[in-house]
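Number of protein chains: 2
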Amino acid sequence: MKESARGRASSAKRQRLMRAAAEVVHRQGAERTTIADIARAAEVPVGNVYYYFKTKDELVAAALSEHARQLELLTGRLDRLTDPRARLKGLIEAWVSQRDLAARYGCPTGTLAVELDKRDEGGLDVEAGRVIRLLLTWVERQFHELGQPEPDGLALTLVGAYQGMSLLANALRDPGVMEREGARLLAWLDSLEAA
Amino acid sequence: MKESARGRASSAKRQRLMRAAAEVVHRQGAERTTIADIARAAEVPVGNVYYYFKTKDELVAAALSEHARQLELLTGRLDRLTDPRARLKGLIEAWVSQRDLAARYGCPTGTLAVELDKRDEGGLDVEAGRVIRLLLTWVERQFHELGQPEPDGLALTLVGAYQGMSLLANALRDPGVMEREGARLLAWLDSLEAA
DNA sequence: GTCTATAGTTAGATAGAC
DNA sequence: GTCTATCTAACTATAGAC
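Keeping their order, the protein sequence lines are chains Y and Z.
Residue 23 in the UniProt record's numbering sits at position 23 of the first sequence, with consecutive numbering throughout.
Residue 146 in the UniProt record's numbering sits at position 146 of the second sequence, with consecutive numbering throughout.
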């Protein structure tokens, strides 16, 4: 059978479960999401889930790596642009284009990190930090290529602004927050001098 | 008895439960916090909790109003300063002084809002938005008094920066994020022209 | 590999003694 | 008003048939 040939680590069902976990956990949060919720979304019978993921935490970890994968897809596309400033602008535009989802459920990685950071066991909090660092590092590289003197500080400011505007848009249930802050960030990028 | 004279709405035990709820929910999150956890922290027997709060959601709502009360205490103190710019600087200094707590558990109101926004019942999410709006409105008034043309946009930027730096400090477990971003915000305030 | 039935555990809520 | 004992529901995880 095709699945068994590829092994369970990469089977089609496992992939469906990962994607369902990412989506459902984004909407409901990790604590409120049951294995049954994910199984239903992935159209896999509940009992069968445990063949692919031994515990619920493994499914949450899978949701995190799914978000990391999505992020790498985006930065990979942006890397094709030659101007680092254009790459950063593309990033902001991608954020703003997701404004309705952000206003309803927040940033997928940011809100999951908030939830996992309330734990003191399991190490999933560290994993969430790693995904956020992935974004910070990529942004920092763009500022570095722009010849900015403190690329790491600027990366903190830009990613922090994104997490902040996502949280406010979510708490106020207003996607307009993402538009206003997004426009401000684009203008800010333009105001930075090239090296 | 003293308590019964004042009624259960304002008894000493009820107040202890409210404060315990605010603290424990900040550290563990609303979902992972059990009634027993709060009862223990407040030194009240579990069964007795239900005399003061009929459901767990009422306790979470109590935690939210406790945060609102803390916020009003802070802005009340800052309101004694005559210069609105000094008030905003005082706010930022208060945020930075809480950097260790923020790096471990995030902003009490912000992280609770994130968690409650994953629900679609109960209306606690709206309540969380209200508390955040309390802060936004106060900040907006300061920018208005400073004669700034778009005080609401500036308030979004400042409060968004706070929520963003708290989330990043928390996810990276690094209070230094609060110091760096706090210093940047102070310099930004200084760069704004007076009217 | 797939799926059903169920064991085992935890926590929210209530009844009722004091 | 206070507190103990307990009911009930929900969910994770496993055993085992197919």
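In this text, a Cβ means the ideal position worked out from N, Cα and C, and glycines have one as well.
Counting C-beta neighbours from all protein chains within 10 Å, is the total for residue i 16 or more, i.e. buried, or is it exposed?
i: Leu-185 of chain Y; result: buried
i: Glu-150 of chain Y; result: exposed
i: Glu-193 of chain Y; result: exposed
i: Val-126 of chain Z; result: exposed
i: Leu-46 of chain Y; result: Before going further, note that residue 46 of chain Y is Val rather than Leu in the sequence given. Label assigned to Val-46 of chain Y: exposed.
i: Ser-166 of chain Y; result: buried
i: Arg-80 of chain Y; result: exposed
i: Arg-180 of chain Y; result: buried
i: Met-1 of chain Y; result: Interpretation of Met-1 of chain Y is limited by its pLDDT of 45, a score under 50 that renders its predicted location unreliable; the figure taken from the coordinates is listed afterwards. Exposed.
i: Arg-87 of chain Y; result: buried
i: Gly-106 of chain Y; result: buried
i: Asn-170 of chain Z; result: buried
i: Ser-52 of chain Z; result: One point to set straight first is that residue 52 of chain Z is Tyr, not Ser, in the sequence displayed. Looking at its Cβ environment, which holds 16 or more other Cβ atoms inside 10 Å, Tyr-52 of chain Z is buried.
i: Ala-5 of chain Y; result: Its pLDDT being 47, under 50, Ala-5 of chain Y is placed unreliably in this model, and the value from its coordinates should be taken loosely. Exposed.
i: residue 197 of chain Y; result: Since the first residue of chain Y shown is 1 and the last is 195, residue 197 of chain Y is not available in this structure.
i: Ala-9 of chain Y; result: exposed
i: Ala-187 of chain Y; result: exposed
i: Glu-66 of chain Y; result: buried
i: Ala-155 of chain Z; result: buried
i: Gly-29 of chain Z; result: buried
i: Gly-160 of chain Y; result: buried
i: Lys-54 of chain Z; result: exposed
Spatial neighbours of residue i within its chain, please: CB distance less than 7 angstroms, with the 5 preceding and 5 following residues excluded, ordered by chain position.
i: Leu-74 of chain Z; result: Ala-94
i: Lys-56 of chain Y; result: Ile-35
i: Val-96 of chain Z; result: Met-178, Glu-179, Gly-182
i: Leu-134 of chain Z; result: Ala-68, Leu-71
From the options, pick the residue whose C-alpha is nearest to that of residue i; which is it?
i: Leu-189 of chain Z; options: Z:Leu-146, Z:Leu-116, Z:Leu-71; result: Z:Leu-146
i: Arg-40 of chain Z; options: Z:Thr-55, Z:Ala-9, Z:Arg-19; result: Z:Arg-19
i: Val-60 of chain Y; options: Y:Arg-180, Y:Lys-118, Y:Val-24; result: Y:Val-24
i: Leu-64 of chain Y; options: Y:Arg-141, Y:Glu-115, Y:Ser-10, Y:Pro-84; result: Y:Glu-115
i: Glu-43 of chain Y; options: Y:Arg-77, Y:Gln-15, Y:Arg-180, Y:Leu-154; result: Y:Gln-15
i: Ser-84 of chain Z; options: Z:Arg-133, Z:His-67, Z:Glu-140, Z:Leu-101; result: A small correction: the amino acid at residue 84 of chain Z is Pro; Ser does not occupy that position in the sequence shown. Residue Z:Glu-140 is the option with its Cα nearest to Pro-84 of chain Z.
i: Asp-117 of chain Y; options: Z:Lys-89, Z:Ala-62, Z:Leu-112; result: Z:Leu-112
i: Arg-173 of chain Y; options: Y:Asp-100, Y:Lys-89, Y:Leu-91; result: Y:Asp-100
i: Ile-132 of chain Y; options: Y:Gly-122, Y:Ala-12, Y:Pro-108, Y:Gln-98; result: Y:Pro-108
i: Gln-142 of chain Z; options: Z:Arg-130, Z:Ala-128, Z:Leu-78, Z:Ser-10; result: Z:Leu-78
i: Gly-153 of chain Y; options: Z:Gln-148, Z:Leu-156, Z:Leu-168, Z:Leu-158; result: Z:Leu-168
i: Ala-102 of chain Z; options: Z:Gln-28, Z:Pro-175, Z:Lys-13; result: Z:Pro-175
i: Glu-162 of chain Y; options: Y:Glu-66, Y:Leu-17, Y:Ile-92; result: Before going further, note that residue 162 of chain Y is Tyr rather than Glu in the sequence given. For the residues Y:Glu-66, Y:Leu-17, Y:Ile-92, the minimum Cα distance to Tyr-162 of chain Y belongs to Y:Ile-92.
i: Thr-33 of chain Z; options: Y:Arg-130, Y:Gly-164, Y:Arg-119, Y:Gln-148; result: Y:Arg-119
i: Leu-136 of chain Z; options: Y:Thr-82, Y:Gly-29, Y:Gln-98, Y:Gly-164; result: Y:Gly-164
Could you pull out every residue in the same chain whose Cβ sits closer than 6 angstroms to the Cβ of residue i, ignoring the five residues on either side in sequence?
i: Trp-138 of chain Y; result: Thr-75
i: Ser-191 of chain Z; result: none
i: Ala-21 of chain Y; result: Ile-38, Leu-59, Ala-62, Ala-63
i: Leu-158 of chain Y; result: Val-139
i: Glu-3 of chain Y; result: Its pLDDT being 48, under 50, Glu-3 of chain Y is placed unreliably in this model, and the coordinates cannot settle the point.
i: Arg-27 of chain Z; result: Tyr-105
Within its chain, find whatever has a CB closer than 8 angstroms to the CB of residue i; leave out the 5 residues flanking it on each side and keep chain order.
i: Glu-31 of chain Z; result: Glu-115
i: Lys-13 of chain Z; result: Glu-3, Ala-42, Val-44, Asn-48, Tyr-52
i: Ala-128 of chain Z; result: Leu-64, Thr-109, Leu-112, Ala-113, Leu-116, Asp-117
i: Leu-124 of chain Z; result: Asp-57, Val-60, Ala-61, Leu-64, Leu-116
Measuring only from the beta carbon, is residue i closer than 7 angstroms to any heavy atom that is part of the ligand MG?
i: Thr-157 of chain Z; result: Ligands in the displayed structure: none, and consequently the ligand MG is not present.
Interfacial residues, the stretch 173-188 of chain Y to chain Z, with Cβ spacing under 8 angstroms: Arg-173, Val-177, Arg-180, Glu-181, Arg-184
Could you pull out every unbroken alpha helix (DSSP H) segment of at least 4 residues lying fully inside the UniProt DNA-binding region "H-T-H motif" (34-53) of chain Z, listed in chain order? 35-42, 46-52
Could you name the residues of the stretch 156-175 of chain Z whose beta carbon sits closer than 8 angstroms to any beta carbon of chain Y, in the order they occur along the chain? Leu-156, Thr-157, Val-159, Gly-160, Ala-161, Tyr-162, Gln-163, Gly-164, Met-165, Leu-167, Leu-168, Asn-170, Ala-171, Leu-172, Arg-173
Give me the subset of the stretch 22-35 of chain Z whose CB atoms are less than 8 angstroms from a CB atom of chain Y, sorted by chain position. Arg-27, Gln-28, Gly-29, Glu-31, Arg-32
Give me the subset of the stretch 110-130 of chain Z whose CB atoms are less than 7 angstroms from a CB atom of chain Y, sorted by chain position. Gly-110, Thr-111, Ala-113, Val-114, Glu-115, Asp-117, Lys-118, Ala-128, Gly-129
What runs of the alpha helix (DSSP H), each 4 residues or longer, lie entirely inside the stretch 136-175 of chain Y? 151-172
Using a Cβ cut-off of 9 angstroms, which residues of the stretch 132-150 of chain Y contact any Cβ in chain Z, in chain order? Answer set for the stretch 132-150 of chain Y: Ile-132, Arg-133, Leu-136.
Give, in chain order, every residue of the UniProt DNA-binding region "H-T-H motif" (34-53) of chain Z whose Cβ lies closer than 8 angstroms to some Cβ of chain Y. none
Scan the stretch 62-79 of chain Z for residues whose Cβ lies nearer than 7 angstroms to a Cβ of chain Y and list them as they occur along the chain. none
Relative to chain Z, which residues along the stretch 83-103 of chain Y have a C-beta separation below 9 angstroms, given in chain order? none
Secondary structure, alpha helix (DSSP H): runs of 4+ residues fully inside the stretch 66-109 of chain Z: 84-97, 99-105
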